[in-house]
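Some notes on the structure that comes next.
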Amino acid sequence: MSVQERKQRERAERERLIVATARELAEQQGWDAVTTRRLAERIEYSQPVLYSHFRGKREIIGAVALEGATEMAAALRAAASAADGPHARVTALSRAYLDFAARNPAVYDALFQLDGGLAFANEDTPEPLKDGFAALLENLDEVAGEGVHPGLFTEVFWAALHGLVTLTRARRLPPEDTERRVELLVDRLAVV
0 MSVQERKQRE RAERERLIVA TARELAEQQG WDAVTTRRLA ERIEYSQPVL
50 YSHFRGKREI IGAVALEGAT EMAAALRAAA SAADGPHARV TALSRAYLDF
100 AARNPAVYDA LFQLDGGLAF ANEDTPEPLK DGFAALLENL DEVAGEGVHP
150 GLFTEVFWAA LHGLVTLTRA RRLPPEDTER RVELLVDRLA VV
């Protein structure tokens, strides 16, 4: 291995460490606790080293969001593939989405609440974000209904799921009724 290859590998490892540490700190204490100073202390590198990877917290949030989008897409696909039939797939997809958000609140915030400097719904959208949407679309297009654009239907369904996550986390909706909400959402919106 050449010196340059070794340096590139070490750089990639440092970047993964920064992202993993930011994510861990955010999940434990919230995003306000994630500062470049605290990250530098935790990973035992100087702040200039941190800044050589990311220009600041915004880019770190973006990196966590991209990692989270990849994980969420995999979770959605796994849940849907284990279900039999359109209704069961959409129900499993919905549960997986809500479960991902509940298990990874800081990652969910990085994806959908915080400014990570990522473009959504345009040509500059990073592939992991496109793939996260595709994981929804590929399971919802068959239930959109006749004459309904599958992409628009997916956006509306996603917005409903996001609303359930946001309102439940804010204690505006009682969590004990989550399953009934999922059933209602699937039964009323999805044409199966």
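Using numbering that gives the first Met the number 0, count along the sequence shown one by one with no gaps and you end on 191. C-beta atoms are modelled at their ideal positions from N, C-alpha and C, and glycine is treated no differently. If you're wondering where the values come from, they're calculated on a predicted model, not measured in any experiment.
In the DSSP assignment, tyrosine 44 falls outside any alpha helix (DSSP H) and carries neither an H nor an E.
Fewer than three beta-carbon pairs drawn from the stretch 33-51 and the stretch 78-97 are found closer than 8 Å, and the two stretches are therefore not classed as touching. Taking 9 Å as the cut-off, the beta carbon of alanine 64 is found closer than this to the beta carbon of leucine 128.
By the CB criterion at 9 Å, leucine 75 and tyrosine 96 fall inside the cutoff. Straight through space, the alpha carbons of glycine 61 and lysine 6 are spaced by roughly 24 Å. When DSSP assignments are scanned along the stretch 51-104, the uninterrupted stretches of alpha helix (DSSP H) that are 4 or more residues long and fall wholly within it turn out to be 56-80, 85-102. DSSP, read as helix, strand or coil, puts aspartate 114 in coil.
Of all C-beta pairs linking the stretch 150-158 to the stretch 124-139, three or more are shorter than 8 Å, placing the two stretches in contact.
Taking glutamate 14 as reference, the option from Leu166, Ala120, Ala32, Ile59 with the minimal CA-CA separation is Ile59.
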